[in-house]
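In the working numbering, the protein residues as written are 1 to 251.
C-beta atoms are modelled at their ideal positions from N, C-alpha and C, and glycine is treated no differently.
Note that the coordinates shown come from a computational prediction; the quantities given were computed from them, not determined experimentally.
Below you can see the structure in the form of structure tokens.
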């Protein structure tokens, strides 16, 4: 992380994890100076790769990532963290915290959320038995329950964040919500595995998605440009989600 700080032109990066330590369960742990100060540790010496691993330690697939808690000088104590998606799969909670701390310094706030949510496949209504061969060893319906919980939390998180931005009276705010389901190649994007090994084909699909969004016809980008360069904006809503397929705005 110290190498990142050398380049002051870089954006500020926040990597989220979920705290699984006794007494701190269901709380957020971020790989930032703020949270490392709490455990009297130096984030500049911590490897970014290990932090990324911590954000993706999915339950049932990986164990906790463990950090030494130096705040407890009288004995050896540790912090155990895992998949950040359990606490907040969209990462909006950290964004909200940063905005709340710094909102007095800005009169315009623009948030762009790239939401790679994909709907769970579930079990076909044609099947009388939901179990496959492997389910007799370890029942994989735990993954379906996990997906269902994330889906419900996602909708509530987006709703709460929109309401937060609406509550700001002294700032002009705008929330651009980019969703996979609004893209022409959504089926191909949904097939990309989250194993940090993106193939050439996967990269091409991501590039195609980006090119379909960065166009003059995108009203969300037009609104952002209007907000940033104009004193008065023409766009009335503070939330925007554009469907590339049928060129329509979604609310």
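For residue 33, the three-state secondary structure derived from DSSP is helix.
Boundaries for residue 200: no beta strand (DSSP E) harbours it, while the alpha helix (DSSP H) harbouring it runs 200 to 213, taken from the DSSP string. A check of alpha carbon separations from residue 17 across 240, 60, 90 identifies 90 as the nearest. Here the alpha carbons of residue 100 and residue 80 stand approximately 27 Å from one another. Of the other Cβ atoms in all chains shown, 16 or more fall within 10 Å of the Cβ of residue 20; this residue is therefore buried. From the listed residues 158, 28, 163, 116, the smallest Cα separation to residue 210 is found for 116. Sixteen is the threshold: since fewer than 16 other Cβ atoms of the shown chains lie within 10 Å of the Cβ of residue 60, the residue is exposed.
In the three-state reduction of the DSSP assignment, residue 14 falls in the coil class, being assigned neither a helical nor a strand state. For a cut-off of 8 Å, the C-beta gap from residue 176 to residue 220 is around 5 Å, short enough to register as a contact. C-alpha of residue 182 to C-alpha of residue 82: approximately 30 Å in a straight line. Contact annotation: residue 215 and residue 174 have beta-carbon atoms that are not nearer than 9 Å. Taking all protein chains in view, the Cβ of residue 8 is surrounded by fewer than 16 other Cβ atoms within 10 Å, so the residue is classified as exposed. Taking each of 247, 226, 246, 245 in turn and checking the Cα distance to residue 237, the smallest one comes out for 226.
Inter-segment contact for the region 50 to 58 and the region 70 to 79 is absent: fewer than three beta-carbon pairs are separated by less than 8 Å. Taking residue 43 as the centre and dropping the five residues before and after it, the same chain places the C-beta of 1, 33, 36 closer than 6 Å to its C-beta, in chain order.
Apart from sequence neighbours up to five positions away, the residues of its chain that approach residue 189 with a beta-carbon distance below 7 Å are 180, 183, 205, 209, ordered along the chain. Every unbroken stretch of the alpha helix (DSSP H) spanning 4 or more residues and falling wholly within the region 15 to 94 is given here in chain order: 33 to 38, 48 to 55, 85 to 88. Close CB contacts of residue 5 within its chain, under the 8 Å cut and outside five residues either way in sequence, are with 44 (chain order).
Residue 237 sits in coil when the DSSP states are folded into three classes, being neither helix nor strand.
Nearest C-alpha to residue 88 among 28, 248, 223: 28.
Looking only at 187, 239, 50, the smallest Cα-Cα distance to residue 245 is reached by 187. Rounded to whole angstroms, the separation of the alpha carbons of residue 46 and residue 77 is 18 Å. Distances from the alpha-carbon of residue 113 to those of 207, 192, 94 put 94 closest.
Residue 85 sits buried, since 16 or more C-beta atoms from the chains shown fall within 10 Å of its C-beta.
For residue 115, the enclosing beta strand (DSSP E) stretches over residues 108 to 115. Nearest C-alpha to residue 164 among 118, 192, 92, 197: 92.
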